[in-house]
Amino acid sequence: MKRILIIEDDTFMARAVNLILGKQGYNITIAQNGKEAIGHMEGGDFDLIITDLMLPFASGLELLSRLKRNQLKKGTPVMILSAITNEKTVLDGFDLGADDYLKKPFAPSELVSRVNRLVQQVQNVY
Amino acid sequence: MQHTIWTNITKFYEHAVFFYCVLLFAFYTFLAFLSYFAIRRYSWKNRIRETLTLVESPLTPGISVIAPAYNEAVTIIPNVRSLLTLNYPRFEVIIVNDGSTDETLEKLINEFELSEIDFAYNQQLTCQPVKRFFKSDNPAYAKLLVVDKVNGKSKADAVNAGINAASFAYFLNTDVDCILDRNTLLKLIRPFMDEETRVIATGATLRMANSCEADAGMLTSIKPPEEWLPRFQEMEYIRSFVLGKMGWTSINAVPNVSGGLGLFDKEIVVKAGGYDPKSLGEDMDMIIRMCKYMCEQKLEYAVRYIPETLCWTESPSTFKVFGRQRTRWARGLLQIFSTHRSVLFNPKYKRLGLIVFPYNFIFELLAPLIEFVGLLYYIYIVVFNIINWDFAVILLLFIYTFSVFISSLAILWDQLTFRYYQSWKDVAKLCMMTFLEPFLYHPLVLFFAMRGYLYQLTGKKHGWGNMQRKGFKQQPAV
Amino acid sequence: MFSFFNGIESWFVEVKENFFWLPTFIKGAIIVSLLAIAGIFLAYLNMLLLRAVKYFQDRRNEPVAEQIDVLMLEHMVQQDIFDEKQPPALNEFRKLPLHHKWGRELLVQKILHYRRNFSGHVADLSRSLYIDLGLHQYAQQKLSSPNPKRIVEGLSELFNMEITVEEKVVLPLINHHNRYVREMARCYFAKCSAEHPMDFLQEISKPLLAWEQFELFRLVTQRTDIPVPSFARWIDPAYHPSVISFCLKLAAHFQQFDAIPAVMSMLKSENLELRALSINSLGKLMALEAELELVSMYEEQPLSCREEILKALGRIGSGRQLDFLRSQFLSSEDFEIKKQAAKSIVNHKALAQLMLQQLQAQSVGQHHTILQHCLNPLIKY
Chain A
1 MKRILIIEDD
11 TFMARAVNLI
21 LGKQGYNITI
31 AQNGKEAIGH
41 MEGGDFDLII
51 TDLMLPFASG
61 LELLSRLKRN
71 QLKKGTPVMI
81 LSAITNEKTV
91 LDGFDLGADD
101 YLKKPFAPSE
111 LVSRVNRLVQ
121 QVQNVY
Chain B
1001 MQHTIWTNIT
1011 KFYEHAVFFY
1021 CVLLFAFYTF
1031 LAFLSYFAIR
1041 RYSWKNRIRE
1051 TLTLVESPLT
1061 PGISVIAPAY
1071 NEAVTIIPNV
1081 RSLLTLNYPR
1091 FEVIIVNDGS
1101 TDETLEKLIN
1111 EFELSEIDFA
1121 YNQQLTCQPV
1131 KRFFKSDNPA
1141 YAKLLVVDKV
1151 NGKSKADAVN
1161 AGINAASFAY
1171 FLNTDVDCIL
1181 DRNTLLKLIR
1191 PFMDEETRVI
1201 ATGATLRMAN
1211 SCEADAGMLT
1221 SIKPPEEWLP
1231 RFQEMEYIRS
1241 FVLGKMGWTS
1251 INAVPNVSGG
1261 LGLFDKEIVV
1271 KAGGYDPKSL
1281 GEDMDMIIRM
1291 CKYMCEQKLE
1301 YAVRYIPETL
1311 CWTESPSTFK
1321 VFGRQRTRWA
1331 RGLLQIFSTH
1341 RSVLFNPKYK
1351 RLGLIVFPYN
1361 FIFELLAPLI
1371 EFVGLLYYIY
1381 IVVFNIINWD
1391 FAVILLLFIY
1401 TFSVFISSLA
1411 ILWDQLTFRY
1421 YQSWKDVAKL
1431 CMMTFLEPFL
1441 YHPLVLFFAM
1451 RGYLYQLTGK
1461 KHGWGNMQRK
1471 GFKQQPAV
Chain C
2001 MFSFFNGIES
2011 WFVEVKENFF
2021 WLPTFIKGAI
2031 IVSLLAIAGI
2041 FLAYLNMLLL
2051 RAVKYFQDRR
2061 NEPVAEQIDV
2071 LMLEHMVQQD
2081 IFDEKQPPAL
2091 NEFRKLPLHH
2101 KWGRELLVQK
2111 ILHYRRNFSG
2121 HVADLSRSLY
2131 IDLGLHQYAQ
2141 QKLSSPNPKR
2151 IVEGLSELFN
2161 MEITVEEKVV
2171 LPLINHHNRY
2181 VREMARCYFA
2191 KCSAEHPMDF
2201 LQEISKPLLA
2211 WEQFELFRLV
2221 TQRTDIPVPS
2231 FARWIDPAYH
2241 PSVISFCLKL
2251 AAHFQQFDAI
2261 PAVMSMLKSE
2271 NLELRALSIN
2281 SLGKLMALEA
2291 ELELVSMYEE
2301 QPLSCREEIL
2311 KALGRIGSGR
2321 QLDFLRSQFL
2331 SSEDFEIKKQ
2341 AAKSIVNHKA
2351 LAQLMLQQLQ
2361 AQSVGQHHTI
2371 LQHCLNPLIK
2381 Y
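Line order of the protein sequences matches chains A, B and C. Going by my numbering, the letters in the first sequence line up with residues 1 to 126, in that order. Going by my numbering, the letters in the second sequence line up with residues 1001 to 1478, in that order. Going by my numbering, the letters in the third sequence line up with residues 2001 to 2381, in that order.
What follows is the structure in structure tokens.
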């Protein structure tokens, strides 16, 4: 079963994404803040990480840069899910190695298809 | 003959003091009314103005967060981290290392992968020279700029350097040891965006962090201080912010945006000459100079406060440090009235000259003096046994009940704004202070204020600055 | 101890009996003290009540809120993933306590929250749920309330749900005396009007607040049913300055190149802020045709506009004005002008490579620092 880490401080959003992707047969782990997220990222292997940008303790970008520096885990695809539409912020995300950027509000079906594609891609690499 | 003159003088004095009291109480009641409606309006606006709009919009203005640091090695990393993770789509964090003698700077360099860079620094405001600039090599910390400057012995000097390096049109002035609410920027910028008149500064309520629990610069539980001295201060802060400043905000006569947390229009600050390193009350001095500038340019302006608490700070918990702080405040106030004396009752400065200054002159600056003389007078009439005990008791009760009433209202208004304390016991702890304050806390405040005036008038040298500002940091962090 | 309290009691009795013979100021003091005591008592009573009410409200609302979440997630959010779209499960929602006002308000708040966070099918479904449950009627009723706050709440609910009401109801609200009502009415048109979402712009006589601009901007961006209106229409000195500035920003954001002539006409505006913003917009629109005019007007401009011109030249980035930028960088007295000129040279990327190499080799001191600053990719703002 594919594992996904969702990093989201808004409990409502975390719950919704958990439900949407859970139904697709993914194994979901939720982190409510940057600190928890670092713990999960170091502790486990994930096939995809979905992160918000504005998080307590460590920002989404910081988590991203940590991940990409970890030789073992830098291949894990990362999707940013954020309400920030500012072009510069989006570019910063991609510069740091994010694979996708989904803006809120989003359609659940769009999330699912993007997630499926990202997880698929990793499979093809190996 | 001499005897009758003396009786007339005492009689006049008694009446004048009584009149003063009544006027002060009337003002407080009036402020309480104003503040009630201001809070109601604020809560309603909260319902129709969703902060998400600011997060989403590409038009949202950028903010420079400026936080000076002097010998903060113990707590600097979590505190900077919490500033970096504020909820806001476009901001930078400028840490001004004010010539620290400990390893504050080294810690920052190591933690945030900083390296020295060439920085086009525009020295618009005077301050001590800047030695070096640092940016992170890690794009994840692109928001962070560290300015390493020669110690200027005052917060004002450090903030000026931060303003010189700031790139956005608004800046937040805070202390590196304050714990901010994550939505501080979103909430403080709203008044700027939501008014036809130009808003030049906004502030929010401050509270004591002494007994709050924090994890890596982030509050996890909010409680009133356990120790009495900080708890008295918490009550005093609630009264002065929720009741006082919120009342003044509705008639656009806010006298001061507290140095712990304030969002400013950079252009006006720069044009008004920036912070004054020589001022002992540099925050109030800044607001007054900004308002003066706006009046002189014949521009409409507003200074606003919001009732929500966005900043938690550790308050002095020993008499020594507390006394130093209050003495400095008193000196600062006296200094402000002597530097800006032309403003008082000057119609050119509109509400600043006709409302803000007179009120603060009569009821803030003169209050300790009048009270002190009153105490002496009491002693005099007791010693000479010419006191009418019945009347004395009635008048004391009058002052006591009214001050308890005003403090209780402040706590009630605070409860209307937001429920910071989960348990009713916490509220009760605070309420208890309203009853004890006039006996225990107020005399202290009075004493230190008088000491401050004395020092200022005798020109006693006061090495304010680093030691003063960080005096209470010797305790273990929360 | 007993005699002490007795003493106090007899003292009070004495004061009470002699009340009328006391001097006026003592009488006043006694009355104020009594009022204050009553006030203290009321304040604490109020605090207790407030906490009690909140406690019971929470206890009442929480299970219902949870129920709504479960229903919404199951019947709305999940539905979106399936290919077969089903109508909302009305009967399930009807079981909620919608006969109470608080129940309805809770559901409406939740629906709005979902619509704010999800687009596509979820948004559509929750809208039809809102209509099918008849919740829009309550919002519509609010529009005829004499209380402006109610009207604002009603309007904001309606436009956020994209419910259209008869135009004759909303149209007069555009000129309502209350600022917030006017604002919501405009938002309503921006979101819901089928043909002329932005026509209200020509009627505006009081400044559009920044917040309102953000809100309108968001609404325009999110409308997918109609093409984005052409904002050049309102970039005309005849309209209110805040309208012009709003449209300048929007035209630039939506890259409406046909607005360039209108924007250029604003370069002669007396209003400095507007002039600066027009220059800025020309830069964002990469208006090559404006380049020469910008350079020729440069000399007589104040500082703010000069900075904007330099910035715009960097954005247009044709390479033809590099010499001009260089001369400003080297000869200007003003620090910000130098910095902006350097930034704009750097913005030319490959076109300016040679020039930058030369400048770097020649410059020392302040010039060198500014160049290094602008070339540094770590400095983003």
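By construction, the Cβ of each residue, glycine as well, lies at the ideal position given by its N, Cα and C atoms.
Residue contact check for B/Lys-1153 against chain C: no CB pair falls below 7 angstroms.
With a threshold of 7 angstroms between beta carbons, A/Asn-70 makes no contact with chain B. A/Glu-42 sits in a helix when the DSSP states are folded into three classes. Ranked by how close their Cα comes to the Cα of B/Thr-1184, the residues B/Gly-1203, B/Ala-1166, B/Ala-1169 and B/Thr-1197 have B/Gly-1203 in first place. Counting only runs of at least 4 residues, the stretch 41-98 of chain A fully encloses the following alpha helix (DSSP H) elements, listed from N- to C-terminal order: 60-69 and 87-95. Judged by DSSP in its simplified three-state form, B/Tyr-1070 adopts coil rather than helix or strand. Taking CB atoms only, C/Phe-2118 has a neighbour in chain A less than 7 angstroms away. Distance from the CA of C/Pro-2146 to the CA of B/Thr-1010, rounded to the nearest whole angstrom, comes to 57 angstroms. DSSP, reduced to helix, strand and coil, places B/Arg-1198 outside both helices and strands of the structure shown, so it counts as coil. Each residue's CA atom was taken as its position, placing B/Gln-1297 and A/Phe-106 some 48 angstroms apart.
Per DSSP, B/Val-1176 lies in no alpha helix (DSSP H) and is assigned neither H nor E.
Relative to B/Ala-1392, the option among C/Glu-2009, C/Phe-2025 and C/Trp-2021 whose CA is nearest is C/Phe-2025. With a beta-carbon spacing of about 7 angstroms, C/Tyr-2138 and C/Arg-2104 fall inside the 8 angstroms limit used to define contacts.
Of all alpha-carbon atoms in B/Lys-1143, B/Leu-1105, B/Gly-1099 and B/Glu-1103, the one lying nearest the alpha-carbon of B/Pro-1129 is that of B/Gly-1099. Per DSSP, the beta bridge partners of B/Phe-1091 are B/Ile-1063.
Residues of the stretch 2047-2078 of chain C with a C-beta atom less than 7 angstroms from some C-beta of chain A are Leu-2073, Val-2077 and Gln-2078, listed in chain order. Using a Cβ-Cβ cut-off of 7 angstroms, B/Gln-1422 does not count as an interface residue toward chain C, since no Cβ of chain C sits closer than that to its own. Cβ neighbours of B/Phe-1361 within its own chain (closer than 7 angstroms, five residues either side excluded): Phe-1337 and Leu-1344. Using beta-carbon distances, A/Ala-14 does not count as an interface residue toward chain C, since no partner is under 7 angstroms.
Here B/Tyr-1170 is bridged, per DSSP, to B/Ile-1063 and B/Asp-1265. Looking at the backbone, the Cα of C/Arg-2116 and that of A/Lys-104 are separated by about 8 angstroms. Within chain A, no C-beta atom comes less than 7 angstroms from the C-beta of C/His-2368; the nearest is roughly 27 angstroms away. In this structure, B/Phe-1168 lies near B/Gly-1062, with their beta-carbon atoms less than 7 angstroms apart. Among the bridge pairs identified by DSSP, C/Cys-2305 is matched with none. Assigned with DSSP and collapsed to three states, B/Pro-1139 falls in helix. For the set C/Gly-2154, C/Asp-2236 and C/Leu-2250, the Cα lying nearest the Cα of C/Pro-2229 is the one of C/Leu-2250. The C-beta of A/Leu-118 comes no closer than 7 angstroms to any C-beta of chain C. Close to chain C, meaning a Cβ-Cβ distance shorter than 8 angstroms, are the following residues of the stretch 98-110 of chain A: Lys-104, Pro-105, Phe-106, Ala-107, Pro-108, Ser-109 and Glu-110. At least one CB of chain B lies nearer than 7 angstroms to the CB of C/Gln-2372. Out of C/Phe-2093, C/Val-2170, C/Pro-2087 and C/Asn-2061, the CA that lies nearest to the CA of C/Leu-2071 is found in C/Phe-2093. Around the Cβ of B/Gln-1415, a 10 Å sphere holds 16 or more other Cβ atoms; the residue is buried. Under the rule that a run must span 4 or more residues, the alpha helix (DSSP H) segments found entirely inside the stretch 1101-1157 of chain B read 1104-1111. Contact annotation: in the stretch 1055-1069 of chain B, residues whose CB is within less than 9 angstroms of a CB in chain C are Glu-1056, Ser-1057, Pro-1058, Leu-1059, Thr-1060, Pro-1061, Gly-1062 and Ser-1064. Annotation: the continuous alpha helix (DSSP H) that includes B/Tyr-1378 extends over 1366-1383. Per DSSP, the continuous beta strand (DSSP E) segment holding B/Trp-1312 begins and ends at 1302-1313.
C/Val-2295 is not a Cβ neighbour of C/Ser-2281, given a cutoff of 7 angstroms.
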